Amino acid sequence: MIEFKKYTKGSASTFKSEIIKKLEFLSLPKQKNREEDFVKSLSTLLKKSQTIVYILKYHDNIIGLIALSTNSMGNGYPCLQIDYIFINASYLAQVLPYLDNEKPSRYLIEFATNIALDIKKLAGLKYLALKPDNDKLHHFYTKDLGFHSLKKTEWLFVKL
Numbered sequence: 173m174i175e176f177k178k179y180t181k182g183s184a185s186t187f188k189s190e191i192i193k194k195l196e197f198l199s200l201p202k203q204k205n206r207e208e209d210f211v212k213s214l215s216t217l218l219k220k221s222q223t224i225v226y227i228l229k230y231h232d233n234i235i236g237l238i239a240l241s242t243n244s245m246g247n248g249y250p251c252l253q254i255d256y257i258f259i260n261a262s263y264l265a266q267v268l269p270y271l272d273n274e275k276p277s278r279y280l281i282e283f284a285t286n287i288a289l290d291i292k293k294l295a296g297l298k299y300l301a302l303k304p305d306n307d308k309l310h311h312f313y314t315k316d317l318g319f320h321s322l323k324k325t326e327w328l329f330v331k332l
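Numbered by our numbering, the letters in the sequence shown go through residues 173 to 332 in order.
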């Protein structure tokens, strides 16, 4: 069974003490350290109410997570910002039948889009936005997921 578990300020200590230990990072030392640092920083952001983290699980196995916050993307237009997406190493690039035959990253983006559309019904929100970590991800978000570049910035966005 697919499940999303939400972590906020009140559950930041649980996220840090229990969830981080269950994540599978890449084996390359440089990339592993970078991933660990990103995920640990989410605990701090949670404590400050600066992000909300959703853990994607299948049965009791963590597939990945997505961290979301609000921002104005540098142009004054409100957006739901994807702070971080993490996929457990064993699920990377896999198309999973129990995720509607999608890769976990695409499934998490669709989840964030649905949240953004719900927020848009209640308050002003124009975009789903993110800053990709590297050129490979930039290519993935723009070519495979339909994100657009915001001129003269690192931001990528999808209009809601």
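The C-beta atom is built at its ideal place from N, Cα and C for all residues, glycine as well.
It should be emphasised that the depicted structure is a prediction, and the values quoted were computed from it without experimental measurement.
Give the single residue among the options whose Cα lies nearest to the Cα of residue i.
i	options	result
residue 303	319, 294, 289 and 288	319
residue 279	188, 196 and 229	229
residue 188	308, 208, 204 and 233	208
residue 327	264, 268, 296 and 244	244
residue 184	239, 291, 309 and 292	239
residue 260	197, 218 and 190	197
residue 248	305, 299, 332 and 263	299
residue 285	242, 315 and 190	242
residue 233	267, 329, 322 and 194	194
residue 210	313, 323, 301 and 305	305
Please check if any C-beta of chain E sits within less than 8 angstroms of the C-beta of residue i.
i	result
residue 296	No chain E appears in this structure, which consists of one protein chain only.
With DSSP as the reference, identify every bridge partner of residue i, one or two as the case may be.
i	result
residue 321	328
Counting C-beta neighbours from all protein chains within 10 Å, is the total for residue i 16 or more, i.e. buried, or is it exposed?
i	result
residue 276	buried
residue 289	exposed
residue 257	buried
residue 174	exposed
residue 215	buried
residue 253	buried
residue 200	exposed
residue 307	exposed
Here's a check: name, in chain order, each residue in its chain whose Cβ is nearer than 8 angstroms to the Cβ of residue i, leaving out the five neighbours to either side.
i	result
residue 176	226, 227, 228, 229 and 283
residue 231	173
residue 270	174 and 230
Could you check how far apart the C-beta atoms of residue i and residue j are, in whole angstroms? I think they sit under 8 angstroms.
i	j	result
residue 235	residue 180	Their Cβ separation, rounded to whole angstroms, is 20 angstroms, which puts residue 235 and residue 180 out of contact at 8 angstroms.
residue 250	residue 296	5 angstroms
residue 212	residue 192	7 angstroms
Return the chain-ordered list of same chain residues with a C-beta closer than 7 angstroms to the C-beta of residue i, the five sequence neighbours on each side being excluded.
i	result
residue 237	225, 226, 227, 228 and 258
residue 281	317
residue 219	181 and 184
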